Amino acid sequence: MEYKIDDISALLSGVHVISDNEDGDGWFFSQDLTTDYVPARLSLNESLSGDINGARIILISAPGAVGKSVLARELSNKTGSIYLDLSKASSIAGNYVIGGLANKDILSAWNSGTVGLIIDSLDEARLRVTQDSFEDFLLDVSNVSKRNKNPIIIFGRVGIIEEAWLILSENHDINCPVFDIDFFNESEATDFIEKNLLRLSESQRQEYKHLSSSLSVHSQVYKSSIRGVVDELKEISGAESTRFFGYAPVLEAVSKVIGTIKNPSRILEEMKDILSGEMLLSICKAVLSREQGKLTQQLPEKFDSTKESLYSIDEQLDRLACRLFNLPPIDSMSMLSGDLIALYNDAVESMLPQHPFLDGTGRKVASSVFEACILSYALMSDNKIISNAAKNYCLLGVSTPNPFLFDFFVESGGGHGNSIINSSYIGILFDSALSKLKINDSATLIVNDDEDMRLHVEFIISNSNDEDPREIEFTSDGYSPIVLGTKVGNVFINTESSDVEFVSSEQLELFSPISISCDCLRINSEKLIVKSVKKDEGNTSVILEANRFESTQTISPPLVRPGAELYVNWPSSEGFPWSAFSNKLVNSNSDDRVADALRVFRRIVMAFRSHSKGRLARLQDKINHARMLRGEDGRMLLSQLVEDGVISPENHMYYLEPNLLGSVAGASFLQVNTKNYSDETLQYVARAIKHTA
1 MEYKIDDISA
11 LLSGVHVISD
21 NEDGDGWFFS
31 QDLTTDYVPA
41 RLSLNESLSG
51 DINGARIILI
61 SAPGAVGKSV
71 LARELSNKTG
81 SIYLDLSKAS
91 SIAGNYVIGG
101 LANKDILSAW
111 NSGTVGLIID
121 SLDEARLRVT
131 QDSFEDFLLD
141 VSNVSKRNKN
151 PIIIFGRVGI
161 IEEAWLILSE
171 NHDINCPVFD
181 IDFFNESEAT
191 DFIEKNLLRL
201 SESQRQEYKH
211 LSSSLSVHSQ
221 VYKSSIRGVV
231 DELKEISGAE
241 STRFFGYAPV
251 LEAVSKVIGT
261 IKNPSRILEE
271 MKDILSGEML
281 LSICKAVLSR
291 EQGKLTQQLP
301 EKFDSTKESL
311 YSIDEQLDRL
321 ACRLFNLPPI
331 DSMSMLSGDL
341 IALYNDAVES
351 MLPQHPFLDG
361 TGRKVASSVF
371 EACILSYALM
381 SDNKIISNAA
391 KNYCLLGVST
401 PNPFLFDFFV
411 ESGGGHGNSI
421 INSSYIGILF
431 DSALSKLKIN
441 DSATLIVNDD
451 EDMRLHVEFI
461 ISNSNDEDPR
471 EIEFTSDGYS
481 PIVLGTKVGN
491 VFINTESSDV
501 EFVSSEQLEL
511 FSPISISCDC
521 LRINSEKLIV
531 KSVKKDEGNT
541 SVILEANRFE
551 STQTISPPLV
561 RPGAELYVNW
571 PSSEGFPWSA
581 FSNKLVNSNS
591 DDRVADALRV
601 FRRIVMAFRS
611 HSKGRLARLQ
621 DKINHARMLR
631 GEDGRMLLSQ
641 LVEDGVISPE
651 NHMYYLEPNL
661 LGSVAGASFL
671 QVNTKNYSDE
681 TLQYVARAIK
691 HTA
């Protein structure tokens, strides 16, 4: 069933506007209904269930950049409810909401049931607090909700809404209904672009001065052209069309390009040319190319010999990156004589603060698409100052992961990845991929050793529609450590030569399943929490194995939540604080050839992922690859597994049968994951490779 904002508003029909309070500290009481809002569609999540009627708390989730904050603000405007923006909060913890209501002198009105509360940016607030503080905040929300008949509405990204639902359900016995915000469809995307063009026409920017009269005189031409552009976006994106035209920031970028085209009859033709390559890159490059032309046209004749080289796409992105990261401008004017440099810099400094990629203040980005364009360029920059600043910007956790950064890296690799990336960016890209997931979708990161000390990096994006997963591959140089964030799950890393480290933080959260085997493992957090958000997850183990372990912190004993398991193995893992979780291998004396075959056996088994109808599957090409099998013994082992029915080929897929893995090969998934093989498994592998010594 489909829901609209009016359906949610009806649940807050008894709310009265608070008109005598001033906005401040993230608490907004003012009402500001917009005329250009495109109503979002919502669907009730069937997995995270709860009763709508009589609900004390309602959770609303969406991937990054789908429009949560816009919907939250509009819902506040429409109902008169308080809008609480947690992104403005320095920290959240117990008594944050009850204290805020008291400080704003509206606690009595809340208790009387005449006040409503919309809480936004739960995910951004979560970045700045520990697990305990977050749970204390949800306890506070639970207690406050008992004082008022109106449900508290909470908005956040998918992962944090799943976690909040689980905590509220298990700790406070509140079964909250969860709504998912749907992506724009074609008609909504068309409507959004039309309204965005009207908004641009009211701006004072030079490039849009023609737009007001042009929209009025040629309204039907614009309408048909915009419909054609949306159709083009859909055709280019194919089955994943909503990944692009379903996002407001993408449509905003498209609107800015359309808005600069002065001949309405050429909109569709020019947009087709722009979109003919990598879509997001093409949109951004079109904006940057137009900016270059605008600036160079203003330069006097003495610049004619160098105009084509000035204010290039790369130069603009360099300058934008320096602004975003608060770096001094990079000197790139070697082709200009001294008397022209000052003149040129004056021209640039007069235009750059009004750049379409910026929000008008000259310091913040205008949208997450433009931010991703700047970040991807900066991360891949040869200038180490810029690339390091970009890496720190992404890893420090000051803002939520950019949902389009992963797409820019994929497009830079020709649409399918395959480009070489720095190992320290792997976690950044994985966090970006995660930020675009809807509830019940999943993303998996797999890293294995490749040839010549390189790493093979694979991102698997699976949706809930039983479609084949999207698999994106990169190659990593392997020189830098693999850096992961502070909230990590669904990660499988197996490397003998590379290090793995987690970003320094007060607290590290690991969500099963995880299996990491590396040379050196670094954890620089005081607290480690291991848990499993999805209670029906078949693999509940978090396995950490390394030749060496390092930490700059004194780590407390790990807290392992019910439903999850932790296994660790390194030379000092039998000591404090790891002793309760130390998992020393019981069969490490295998013959070298059998040991190599066991590594192949483990790679094969661990490569399978949950597919449609709950089966474990993997593309045959992935399993058959030389990288997976590593020689004749590996091919013999796979052949035996197929012959015995442990692995069954169907069309282009292989399927793993867990029951036969146990009855035929004597191995459970956990035993394979922890490398604790039974004698039966050792004998099976030896027979498969015809090894009798």
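Using our numbering, the first residue of the sequence shown is number 1, and each one after it goes up by one. Ideal placement from N, C-alpha and C gives every residue a C-beta, glycine not left out. The model shown is predicted, which means the values in this text are computed figures rather than measured ones.
Determine the extent of the alpha helix (DSSP H) in which R561 is found, giving its start and end residues. No alpha helix (DSSP H) contains R561, which DSSP labels as neither H nor E.
Check the C-beta distance from L510 over to V542 and give it rounded, since I have them as a contact under 8 angstroms. That pair is a contact at about 5 angstroms.
Nearest to D477 (by Cα), restricted to the options L455, D468, T674: Checked all of L455, D468, T674; the closest Cα to D477 is L455.
Can you grab the Cα-Cα spacing for the pair L59 / F601, in whole Å? Straight through space, the alpha carbons of F601 and L59 are spaced by roughly 43 angstroms.
Residue closest to A443, alpha-carbon to alpha-carbon, out of G645, I98, E471, N422: Ranking G645, I98, E471, N422 by Cα distance to A443 puts E471 first.
Any 3 or more C-beta pairs closer than 8 angstroms across the segment 223-236 and the segment 262-280: Yes: at least three Cβ pairs fall under 8 angstroms.
Residue closest to K487, alpha-carbon to alpha-carbon, out of L637, D123, K272, A378: Considering only alpha carbons, the answer is D123.
Cut-off 8 angstroms between Cβ atoms - residues of its own chain near I18, not counting five sequence neighbours on either side: Excluding positions up to five away in sequence, the list reads F29, G80, I82, I106, A109, V115.
Runs of beta strand (DSSP E) wholly within the segment 441-514 (minimum 3 residues, chain order): Qualifying beta strand (DSSP E) stretches, in chain order: 442-449, 455-462, 470-476, 482-484, 487-494, 500-502.
Is it a yes or a no for the segment 41-54 touching the segment 165-183, going by three-plus beta-carbon pairs under 8 angstroms? Touching, per the Cβ criterion.
Using CA atoms only, rank isn't needed, just tell me which of P300, R615, N524, S517 is closest to L343. For the set P300, R615, N524, S517, the Cα lying nearest the Cα of L343 is the one of P300.
Does the Cβ of G618 have 16 or more other Cβ atoms within 10 Å, making it buried, or fewer, making it exposed? In the sequence on display, residue 618 carries Arg and not Gly. The residue is buried, with at least 16 neighbouring Cβ atoms inside 10 Å.
Quick one: measure Cβ to Cβ for I555 and P577, integer angstroms, because I've assumed they're closer than 8 angstroms. Between P577 and I555 the Cβ distance is about 6 angstroms, and since that is below 8 angstroms, they are a contact.
Under three-state DSSP, which class holds A686? In the three-state scheme derived from DSSP, where H, G and I count as helix and E and B as strand, A686 is classed as helix.
Along the chain, where does the beta strand (DSSP E) containing N547 start, and where does it finish? Per DSSP, N547 belongs to the beta strand (DSSP E) from 541-550.
Tell me, which residues are paired with V250 by DSSP? DSSP, once it has assigned bridges, lists no residue as partnering V250.
How long is the line joining the alpha carbons of N422 and Y479, rounded to whole angstroms? Going by the C-alpha atoms only, they are around 8 angstroms apart.
Taking contact to mean 3 or more Cβ pairs, one atom from each stretch, closer than 8 angstroms, check whether the segment 135-147 and the segment 46-54 are in contact. With the cut-off at 8 angstroms, the segment 135-147 and the segment 46-54 do not touch.
Could you tell me if V217 is buried or exposed, where buried requires 16 or more neighbouring beta carbons within 10 angstroms of its beta carbon? By the neighbour-count definition (other C-beta atoms within 10 Å, threshold 16), V217 is an exposed residue.
In the segment 66-130, which residue ranges form an unbroken beta strand (DSSP E) of at least 3 residues, counting only runs that do not cross its ends? Taking only runs of at least 3 residues, the beta strand (DSSP E) segments lying wholly in the segment 66-130 are 82-85, 117-120.
For L528, count the other beta carbons within 10 Å of its own beta carbon; 16 or more makes it buried, fewer makes it exposed. Which is it? Of the residues assessed, L528 falls on the buried side of the cut-off, its CB having 16 or more other CB atoms within 10 angstroms.
Neighbour-count burial assignment, N77, 16 or more Cβ in a 10 Å radius: So N77 counts as buried.
Near V533, which residues of its chain fall below 7 angstroms by C-beta distance, leaving aside the five closest residues on each side in sequence? In the same chain as V533, and ignoring 5 residues on each side of it, the C-beta atoms closer than 7 angstroms to its own belong to E162, E163, L166, F511, in chain order.
Let me know the secondary structure DSSP gives E22 once reduced to three states. Note: E22 maps to coil in three-state DSSP.
Enumerated in chain order, which unbroken segments of the alpha helix (DSSP H) with a length of 4 residues or greater are wholly contained in the segment 592-666? Within the segment 592-666, the alpha helix (DSSP H) runs of at least 4 residues that lie entirely inside it are, in chain order, 592-607, 620-624, 626-629, 632-643, 658-665.
Straight-line gap, D191 to T34 (C-alpha atoms, nearest Å): C-alpha separation (whole angstroms): 14 angstroms.
Between which residues of its own chain and D536 is the CB-CB distance below 6 angstroms, once the five residues before and five after are set aside? In this prediction, D536 has a pLDDT of 47, which is less than 50 and means its spatial position is unreliable; nothing more can be read from the coordinates.
At which residues does the alpha helix (DSSP H) containing L437 begin and terminate? Secondary structure note for L437: it is in no alpha helix (DSSP H), with a DSSP letter that is neither H nor E.
Contact check, G26 vs A89, beta carbons under 7 angstroms: Yes, the Cβ-Cβ distance between G26 and A89 is below 7 angstroms.
Would you say I483 and L445 are within 7 angstroms of each other, going by their C-beta atoms? At residue 483 the sequence reads Val, which differs from the Ile that was named. No, the pair does not count as a contact, with Cβ atoms beyond the cut-off.
In three-state DSSP terms, what is N388? Helix at N388.
Contact set for A248: own chain, Cβ-Cβ below 6 angstroms, skip 5 residues either direction: Correct list, in chain order: G67.
Residue range of the alpha helix (DSSP H) that S289 falls in? 279-298 is the extent of the alpha helix (DSSP H) around S289.
Going by DSSP, what residues sit across from I152 in a beta bridge? I152 is bridged to I57.
Below 8 angstroms on the Cβ atoms is my contact criterion, and I expect V530 with V500 to pass it. Report the Cβ-Cβ distance as a whole number of Å. Distance from V530 to V500 at the Cβ level is roughly 16 angstroms; contact not present, criterion being Cβ atoms closer than 8 angstroms.
Less than 7 angstroms between C-beta atoms, sequence neighbours within five positions excluded: which residues of the same chain meet that for L12? T79, S81, G116, N150.
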